[in-house]
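2 protein chains.
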Amino acid sequence: MINIAIMGMGVVGGGLCEAVSKNKDVISSVFGEELYIKYVLDKRTFPGHELENRVVNDINIILNDPTIAVVAETMGGDKPAYDFSLACLKAGKSVVTSNKLVVEKHASELEEEALKNGVCYLYEASVGGGIPVIHPLMHCLSGNRITKIAGILNGTTNYILDRMEKDGCSFEDALSDAQRLGYAEANPDADIEGLDAARKICILASVCFGSWYRLNDCAEITGISEVTLKHIEEAKKMGYKIKLLGVAENSDDGKNALLFVKPCLVPEDDLLYAVNGVFNCITVTGNLVGEVAFYGHGAGGLATSSAVLSDIIEAVKIKTPPCEKSKPCMIIKNIDAKSCIDILGIKYPVI
Amino acid sequence: MINIAIMGMGVVGGGLCEAVSKNKDVISSVFGEELYIKYVLDKRTFPGHELENRVVNDINIILNDPTIAVVAETMGGDKPAYDFSLACLKAGKSVVTSNKLVVEKHASELEEEALKNGVCYLYEASVGGGIPVIHPLMHCLSGNRITKIAGILNGTTNYILDRMEKDGCSFEDALSDAQRLGYAEANPDADIEGLDAARKICILASVCFGSWYRLNDCAEITGISEVTLKHIEEAKKMGYKIKLLGVAENSDDGKNALLFVKPCLVPEDDLLYAVNGVFNCITVTGNLVGEVAFYGHGAGGLATSSAVLSDIIEAVKIKTPPCEKSKPCMIIKNIDAKSCIDILGIKYPVI
Chain A
0 MINIAIMGMG
10 VVGGGLCEAV
20 SKNKDVISSV
30 FGEELYIKYV
40 LDKRTFPGHE
50 LENRVVNDIN
60 IILNDPTIAV
70 VAETMGGDKP
80 AYDFSLACLK
90 AGKSVVTSNK
100 LVVEKHASEL
110 EEEALKNGVC
120 YLYEASVGGG
130 IPVIHPLMHC
140 LSGNRITKIA
150 GILNGTTNYI
160 LDRMEKDGCS
170 FEDALSDAQR
180 LGYAEANPDA
190 DIEGLDAARK
200 ICILASVCFG
210 SWYRLNDCAE
220 ITGISEVTLK
230 HIEEAKKMGY
240 KIKLLGVAEN
250 SDDGKNALLF
260 VKPCLVPEDD
270 LLYAVNGVFN
280 CITVTGNLVG
290 EVAFYGHGAG
300 GLATSSAVLS
310 DIIEAVKIKT
320 PPCEKSKPCM
330 IIKNIDAKSC
340 IDILGIKYPV
350 I
Chain B
0 MINIAIMGMG
10 VVGGGLCEAV
20 SKNKDVISSV
30 FGEELYIKYV
40 LDKRTFPGHE
50 LENRVVNDIN
60 IILNDPTIAV
70 VAETMGGDKP
80 AYDFSLACLK
90 AGKSVVTSNK
100 LVVEKHASEL
110 EEEALKNGVC
120 YLYEASVGGG
130 IPVIHPLMHC
140 LSGNRITKIA
150 GILNGTTNYI
160 LDRMEKDGCS
170 FEDALSDAQR
180 LGYAEANPDA
190 DIEGLDAARK
200 ICILASVCFG
210 SWYRLNDCAE
220 ITGISEVTLK
230 HIEEAKKMGY
240 KIKLLGVAEN
250 SDDGKNALLF
260 VKPCLVPEDD
270 LLYAVNGVFN
280 CITVTGNLVG
290 EVAFYGHGAG
300 GLATSSAVLS
310 DIIEAVKIKT
320 PPCEKSKPCM
330 IIKNIDAKSC
340 IDILGIKYPV
350 I
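Going line by line, the protein sequences match chains A and B.
Letter by letter, the first sequence follows residues 0 to 350 in numbering that gives the first Met the number 0.
Letter by letter, the second sequence follows residues 0 to 350 in numbering that gives the first Met the number 0.
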């Protein structure tokens, strides 16, 4: 039996519990033995829940249990998620996470700590929900020099822009629909203002460009709150859709990186043009493979749990060491070099 | 130094030589040492080629060299590619391949032989050119129950249908353009008649459904030679594009598999609708992750070499064991259960 612990019974943690129960036979056949959730760390209690009796509120129970090899961190937020993750790694347990904030901020330290202890720190679920993207970038495209990543990284903002474009509804109406449907949080600022997408493009750039990128390496982080119906109509006349993209580019010699999040103009023949609703899509250009793309649901408990599960499987079965980060490069801090079109006073980069 | 051998200096083998030279520094940083092509097995000589002096025409030279750990089989065709691959595995060398014919026909035996010898038989490059798809399916979605795969698996036929739809040119004109541009072979039958796509859907189904599928497991293999402009126009009026898809479905309990290749009707809101020209796109539905898709160039020497390279890296660094194949299931041999629309006497399944 493989014992794991889950820290945080929120949307993703709850999804993971459901997934482990729902796909018991599939997971057992992958491992050759049963995957067992021994602890769920949460401050709350869950009366009536299948795992009610395994809920604990003291991290030390997990840290001190030598039968726990992997811990899934699905708490969200910086603290205590970061402290708990670090403590788990120091205790010789692999940590897999869906927490993009902790990954963007602390992955460099946590990955190093994991290496030191011969365990893994894996974060497939931190970008694109269940879409396999971090692992394929690390392992399947590692012979390529990656020069560009451009992605629809936030489902909420893509849903809003899509509704505005298709139904002609206002930003405010589309946002409140998104909230009603559970796509947007009560406080939607991190989505709307591009912060969520920015964290994700930093993580992807770190995976692809061989050094660590943080929020303050972005030349610009602009969300969609200034995008009006009028902008969308003007863009449409020119043959474009406005999409909120996270973009990371690197020069051919790998020495100059440019990262930004901004509403961009996407032409009709680009795959990103066809990405509707809450879907995410990440396009990546490598000097061998050309353009490839990864598409799917970017959020949701069960979908994201698919990525957490695959990291658990990797941590237990494969223990691939992380790619080396050793090539710090010049970071470009403005997007003036990009070709832009001015629509009603706002500059839109053309992808 | 990591020594490899390449069998077959065709489009993919030549692309691999170019890739190893072009991305020498990237590849060295992945391995921590240099990747060196010690032999190229080919009947021809290559006067003036950078690797001219490493060309050999006797497989025994490779088999008897204990410094060769991995052999890339990029010969194409059944024999002698199959015999040579088997001999390499028996000699304790991992084999990575782009040869979809050998994989569809012999992977079950070759994978078993690899397991027996503690080496790998890997075939990422056999489907979708450079697109990472086999590896992500095996490793990133392995916690899912996969119920459906539907893909544009052949760039030549997608290019032809695309040209017919966009430019209103005839099948014959589009085909001869494809040949002129190097997308289609002089004898294009394997592409046009759906055989190439059928091999690929068999490989994908084998990876996803937990047992081996062969060409004769397909309920139907129909290419695009009967598709006329009239069909395309009628489909367009109904809001569809006609795309040649490879489809593999499995019942929720994993017990009934249906595989076929056939021109299908793809609605506007499906991602496959937006896949133009020679691009490939594979959509996969898992019971946790929902629908995900993998998109990119499905052919070309350099693009495909990206996948061969990633398999070489996996064979050397990771040596992941293959997923177990243990769940033979009922194979459905007709597509009557699919919902179809009749256009001018031809039945098109709706995706």
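Glycine included, every Cβ here is placed at the ideal spot set by N, Cα and C.
- Residues of chain A whose Cβ lies closer than 9 Å to the Cβ of residue 71 of chain B do not exist; the shortest such Cβ separation is about 12 Å.
- Nearest CB-CB separation between residue 230 of chain A and chain B: not below the 9 Å threshold.
- Following the DSSP letters along the chain, one finds residue 105 of chain B inside the alpha helix (DSSP H) bounded by residues 99-116.
- If you check the CB distance, residue 277 of chain B and residue 297 of chain B come in under 9 Å.
- Collapsing the DSSP output to three states places residue 341 of chain B in a strand.
- Membership of residue 13 of chain B in the alpha helix (DSSP H) is indicated by the continuous run 10-21.
- Of the residues B:113, B:302 and B:139, the one whose Cα lies closest to the Cα of residue 314 of chain A is B:139.
- Under DSSP, residue 4 of chain B takes part in a beta bridge, and its partners are B:38 and B:70.
- Here residue 7 of chain B is buried. Its C-beta has 16 or more other C-beta atoms within 10 Å.
- Beta bridge pairing from DSSP links residue 296 of chain B with B:278.
- Between residue 38 of chain A and residue 19 of chain A, the CB-CB gap reaches or exceeds 9 Å.
- The C-beta distance from residue 218 of chain B to residue 259 of chain B rounds to 5 Å, short enough to fall under 8 Å.
- Residues of the segment 24-53 of chain A whose Cβ lies closer than 7 Å to any Cβ of chain B, in chain order: 25, 26, 28 and 29.
- Under the three-pair Cβ rule at 8 Å, the segment 288-302 of chain B counts as touching the segment 264-280 of chain B.
- In terms of beta-carbon proximity, residue 266 of chain A stays away from the interface with chain B, with every pair separated by 9 Å or more.
- Here residue 121 of chain A is near residue 93 of chain A, since their CB atoms are less than 9 Å apart.
- Proximity to residue 166 of chain A across A:302, A:231 and A:56 peaks at A:231, based on C-alpha coordinates.
- The way I'd put it, the segment 86-105 of chain B doesn't touch the segment 160-176 of chain B; fewer than three beta-carbon pairs between them come closer than 8 Å.
- Contact check for residue 334 of chain B and residue 257 of chain B: beta-carbon distance about 7 Å, within the 8 Å limit, so the pair qualifies.
- Residues of chain B with a Cβ closer than 7 Å to the Cβ of residue 141 of chain A are, in chain order, 29, 309 and 312.
- In the DSSP assignment, residue 248 of chain B falls within the beta strand (DSSP E) that extends over 239-249.
- Taking a Cβ-Cβ threshold of 8 Å, none of the residues of chain B is close to residue 113 of chain A; the smallest such distance is about 17 Å.
- Looking at the DSSP output, residue 258 of chain B sits in a beta bridge with B:247.
- Chain B places no beta carbon closer than 9 Å to that of residue 65 of chain A, leaving this residue out of the contacts.
- Distance from the Cα of residue 212 of chain A is smallest, within the candidate group A:249, A:239, A:267 and A:222, for A:249.
- In this structure, residue 71 of chain B places its C-beta atom within 9 Å of the C-beta atom of residue 5 of chain B.
- For residue 21 of chain B, there are no CB contacts under 7 Å within the same chain when 5 residues up- and downstream are skipped.
- Listed along chain B are 293, each with a C-beta nearer than 7 Å to that of residue 293 of chain A.
- Residue 192 of chain B sits in coil when the DSSP states are folded into three classes, being neither helix nor strand.
- For residue 274 of chain B, at least one C-beta of chain A is nearer than 9 Å to its own C-beta.
- The C-alpha of residue 242 of chain A is placed about 10 Å away from the C-alpha of residue 159 of chain A.
- Not a single CB atom of chain B sits nearer than 9 Å to the CB of residue 105 of chain A.
- Contacts with chain B (Cβ-Cβ distance below 8 Å) from the segment 73-103 of chain A involve no residue at all.
- Nearest to residue 126 of chain B by C-alpha distance, out of B:114, B:195 and B:15, is B:195.
- Within the same chain, and ignoring the five residues on either side of residue 91 of chain B in sequence, the residues whose Cβ sits closer than 8 Å to its Cβ are 116, 117 and 118.
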